[in-house]
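Quick notes on the structure that follows.
Numbering (the working numbering), first residue to last: 18 to 220.
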């Protein structure tokens, strides 16, 4: 957590190079969460939340880093959006609370991403949608590999590295079925993913 507190003041500036990529998500996600009660996990300085919350009925954006949440609370913010410090693997919310959950580019840095997905499963409604875009480090171009190395040198540790297929298989293995995916060109290639809960046989 300390590394993210350290980078919190400059994180927004550091993301400007991928602004075009994020703009694609800012355009798509509001259509998916229109009128829904939304939770975002690992919001960082709140860039995604502030750009999509207008479409939700209400949105809570969380992060494990207090420094990131302090940055997120600065500046203009939609009236239906609030920020909280929360652990992705131990969420402080009741079962079946949210219509949609967003976790962007975070599962690969969480030591136990399976626990995070389990917590999402718990707090999301049975027919809810999970929006989980994530970097895919393996089997991508030289630029992605270079940026992965640079971030590692900067102290940002990747607990997991997936190819596109491996990431989809990981989600499926943890009871989430991708219903829409799209590769997005960024400094590190990203796979934008929307999922629904996998149906249990007999349902």
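Built from N, CA and C at the ideal position, the CB exists for glycine as well. In this text the structure is predicted, and so the values were computed from the model without any measurement.
Beta-bridge partners assigned by DSSP to residue 197: 211. Boundaries of the beta strand (DSSP E) harbouring residue 101: 98-102, taken from the DSSP string. Rounded to the nearest angstrom, the gap between the Cα atoms of residue 194 and residue 210 is 10 Å. Within the DSSP secondary-structure output, residue 152 pairs in a beta bridge with 207. In the structure shown, residue 114 falls within a coil segment according to DSSP collapsed to helix, strand and coil.
Counted as a single uninterrupted DSSP element, the stretch harbouring residue 89 is not any beta strand (DSSP E) but the alpha helix (DSSP H) occupying residues 83-89.
A distance below 8 Å between beta-carbons, with the five flanking residues on each side excluded, links residue 140 to the following residues of its chain, in chain order: 56, 108, 110, 111, 112, 113, 114, 115, 118. Under the three-state reduction of DSSP, residue 51 is assigned to coil, being neither helix nor strand. Per DSSP, the continuous beta strand (DSSP E) segment holding residue 75 begins and ends at 75-80. Rounded to the nearest whole angstrom, the CA to CA distance from residue 215 to residue 91 is 38 Å.
If you look at residue 182, you'll find it in the alpha helix (DSSP H) that goes 181-190.
Residue 100 is a Cβ neighbour of residue 86, given a cutoff of 8 Å. With fewer than 16 other Cβ atoms from the protein chains shown falling within 10 Å of its own Cβ, residue 144 counts as exposed.
For the 8 Å CB-CB criterion, residue 60 and residue 78 form a contact. Take the alpha-carbon of residue 137 and the one of residue 103: they are about 13 Å apart. Residue 88 counts as buried, since at least 16 other C-beta atoms from the protein chains shown sit within 10 angstroms of its C-beta.
Excluding five sequence positions before and after residue 76, the CB atoms of its chain that fall closer than 7 Å to its own CB belong to 55, 57, 66, 70, 97, 98, given in chain order.
Around the Cβ of residue 128, a 10 Å sphere holds fewer than 16 other Cβ atoms; the residue is exposed.
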